[in-house]
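Residue numbers for the sequence shown follow the working numbering, so the first one is 1 and each next one is one higher. This report refers to the structure that appears directly beneath it.
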Amino acid sequence: MSPQIQWMTLLWMLFSGTALGLAYDSYRVLSGQLRFPRWTLHVLDLFYWCGAAIFVFRMLYVNNYGQLRFYVFVGLFIGVWLYFLFLSVTTQRFVVMLIKVVRYIIDLLKRLFRLTVWTPVRLLLKLLKGLAVILGSLLMFVLHVVLKMLLPFWKLAKWLFRPITSRLSKLSWVDKLYRSAVLLWKKWFPEKKE
């Protein structure tokens, strides 16, 4: 392996170590801010280390066809060390600020949704409910008036069909049906005392 490839591999391993430190800090701050359950932290740690191993070996394979040498470990160690020495605090602050910005945007979108969609829909539903109550009351009033107007015709029909109904009244089931109809009529349309 030529010295040029060795130096390029060392530089890429420095970069990989820095990237691993950046990913670790971001993951650590995210898990602290978002308060994942404790059992998920172990699973997330496993995903992090699997992803880190795949990333490092992919970088190694691209640069020197996967040859593992001592300077590869030195490059990774120095990259991680330099990252934690100079960039760790800045990265943590940046991730915290980014989380706050995302939370603010989500809160703003919730308020916007509530203002533009939820509140008008609720008002429309209240309006429709009020209209349904008004229309129901109006319909019951019209029905009451129509039935009051038909009352003389009902009495006339009752008088005309008295010979038939008097014979039917001797049957007990017809009598029960008639009484329940009369009770229902009186319940729905009580006579007003003047």
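A virtual CB, placed ideally from N, CA and C, is assigned to each residue, including glycine.
Just mark residue i as buried or exposed, buried being the case when its beta carbon has 16 or more other beta carbons within 10 Å.
{"i": "Y24", "result": "buried"}
{"i": "F9", "result": "The question names Phe, but residue 9 is Thr in the sequence shown. Answer is buried; the Cβ neighbour count reaches 16."}
{"i": "G21", "result": "buried"}
{"i": "M140", "result": "exposed"}
{"i": "V95", "result": "buried"}
{"i": "Y83", "result": "buried"}
{"i": "L60", "result": "buried"}
{"i": "T91", "result": "buried"}
{"i": "L76", "result": "buried"}
Just tell me which of the options has its CA closest to the CA of residue i.
{"i": "L44", "options": "S26, R58, L60 and Y61", "result": "S26"}
{"i": "I199", "options": "V72, V29 and A52", "result": "This structure cannot speak to residue 199, because the chain is shown only from 1 to 194."}
{"i": "M149", "options": "R28, F189, L183 and A19", "result": "F189"}
Assuming the contact rule is C-beta atoms closer than 8 Å, residue i and residue j should be a hit. Round their C-beta distance to whole Å, please.
{"i": "V201", "j": "G32", "result": "An answer regarding residue 201 cannot be provided, because it is not within the stretch 1 to 194 covered by the chain."}
{"i": "L14", "j": "I78", "result": "6 Å"}
{"i": "N63", "j": "W7", "result": "At roughly 10 Å, the Cβ-Cβ gap does not stay under 8 Å, so N63 and W7 are not in contact."}
{"i": "G51", "j": "F57", "result": "That belief does not hold up - the Cβ atoms of G51 and F57 are roughly 11 Å apart, past 8 Å."}
Within the region 53-102, note down every full alpha helix (DSSP H) run reaching 4 residues or more, in order along the chain.
Secondary structure remark: continuous alpha helix (DSSP H) runs of at least 4 residues inside the region 53-102, in chain order: 70-82.
ask   = Which residue spans inside the region 115-187 form an unbroken alpha helix (DSSP H) run of at least 4?
value = Considered as a whole, the region 115-187 harbours 119-160 and 162-168 as its complete alpha helix (DSSP H) runs of no fewer than 4 residues, in chain order.
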